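Read the structure below first, then the notes.
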Amino acid sequence: MTARIIDGKLIAAELRGRVADEVARVRREHGITPGLAVVLVGSDPASEVYVRSKHKQTQAAGMASFEYKLPADVAQHDLQALIGELNRDSHVHGILVQLPLPKSLHAETIINAIDPAKDVDGLHPHNAGRLAGGSAALSPCTPLGCIILTKTVHPSLEGMNAIVIGRSNLVGRPLVQLLLNEHATVTIAHSRSRHLKQLCAQADLVYAAVGKPEMVRGDWIKPGATVIDVGINRLSGPDGKTRLVGDVAFDEALKVAGAITPVPGGVGQMTVACLLVNTLRAACAIHGLPPPGV
Ligand code: GUN
160 MTARIIDGKL IAAELRGRVA DEVARVRREH GITPGLAVVL VGSDPASEVY VRSKHKQTQA
220 AGMASFEYKL PADVAQHDLQ ALIGELNRDS HVHGILVQLP LPKSLHAETI INAIDPAKDV
280 DGLHPHNAGR LAGGSAALSP CTPLGCIILT KTVHPSLEGM NAIVIGRSNL VGRPLVQLLL
340 NEHATVTIAH SRSRHLKQLC AQADLVYAAV GKPEMVRGDW IKPGATVIDV GINRLSGPDG
400 KTRLVGDVAF DEALKVAGAI TPVPGGVGQM TVACLLVNTL RAACAIHGLP PPGV
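Going by our numbering, the sequence shown opens with residue 160, and the numbers climb by one from there.
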């Protein structure tokens with residue numbers, strides 16, 4: 160038996176379609192065009208690819224897209240001044256500062272300068288705190304995408320055993336909170352956890368977000384479990400070509416799991432789709448409209 164492959168590409172495209180329909184309705188009924196501002200500092204090639212993709216998909220959904228490209232040596236106070244301008248700009252409903260930032264900048268101070276109502280990354284302590292307290296909040300996009308993908312297999316996560324491997328602010332920690340809000344039982348593991356294999360073997364839901372290529376092996380997986388692979392690692396083969404692999408040994412896990420996300424074509428596609436959802440939600444909340452239907 161081989162696992163069902165969860166088609167993140169298709170699920171993300173459907174979600175973007177629903178966002179586009181809701182954006183069209185908000186524009187028609189209220190004359191409001193949701194707007195997303197993305198700030199890129201420096202010229203990291205991977206970040207440039209992500210930012211271009213965000214720009215294209217934002218426009219395709221009928222939203223306004225504002226791009227700011229700053230040199231790697233931009234001064235901290237200049238970047239903060241830009242954030243202040245975007246906070247005050249009524250055409251901007253979502254602000255995303257692409258991470259990682261150059262080491263010379265203090266990322267936490269920058270994130271804390273974003274108006275929490277426009278924090279579509281869900282990284283501001285106001286939103287992270289609300290999420291941890293179980294109240295509605297703008298939540299980080301990748302974990303939101305993970306939950307949506309899981310629910311295509313299990314519409315209810317109540318009482319399921321989940322393991323989250325990884326504890327970053329962008330993925331692991333908020334994912335734990337979202338799973339708790341879905342009434343799952345959650346084990347939080349990370350690169351220094353002991354007996355990871357045994358912990359993993361008890362999980363109905365496995366989330367791998369450690370950034371270690373193919374670390375989770377097939378014999379770690381409980382037969383029939385759902386595996387969500389957040390890792391995107393570039394490996395170079397003997398032929399000099401590079402290939403993308405996740406944090407899960409896909410071919411091994413495919414033989415044991417009940418359902419699994421591929422890399423690429425799994426979680427990665429969902430992150431931008433969820434960013435569009437958050438921008439639409441933020442625009443509705445800022446204008447006092449009811450939450451959108453996505
Ligand atoms: N870099 C990689 N993923 C993300 C993300 O979801 N948000 C931001 N701001 N930067 C990222």
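Built from N, CA and C at the ideal position, the CB exists for glycine as well. All figures in this text were calculated on a predicted structure; none of them were measured in a lab.
Taking a 10 Å sphere around the C-beta of H283, we find 16 or more other C-beta atoms and assign the residue as buried. With a threshold of 7 Å, the Cβ atom of V185 does not count as near the ligand GUN, since no heavy atom of the ligand is closer than that. For D388, the enclosing beta strand (DSSP E) starts and ends at T385 to D388. Straight through space, the alpha carbons of T385 and T309 are spaced by roughly 7 Å. Partner residues in a beta bridge of I307, as assigned by DSSP, do not exist. Judged by DSSP in its simplified three-state form, K215 adopts helix.
Distance from the Cα of W379 is smallest, within the candidate group I391, C359 and P397, for C359. Between I165 and A367, the gap from beta carbon to beta carbon reaches 8 Å or more. Annotated three-state conformation of K168 is helix, per DSSP. Under the three-state reduction of DSSP, E226 is assigned to strand. In the three-state DSSP reduction, I273 falls in the coil class, being neither helix nor strand. In this model, H265 and V422 are separated by some 31 Å (Cα to Cα). In this structure, S206 sits near Q257, with a CB-CB distance shorter than 8 Å. The beta carbon of D274 lies closer than 6 Å to those of N246 in the same chain, with the five residues before and after it left out. Classified as buried, A196 has 16 or more neighbouring CB atoms from the shown chains inside 10 Å of its CB. For R393, the enclosing beta strand (DSSP E) begins and ends at N392 to S395. Only residues of its own chain outside the window of five on either side were considered, and among them S206, E207, V210, E226, Y227, K228, L229 and Q257 have a CB closer than 8 Å to the CB of L199, listed in chain order.
Within the model, the alpha-carbon separation for V426 versus T301 is close to 7 Å.
The Cβ atoms of A296 and L303 do not sit closer than 8 Å to each other.
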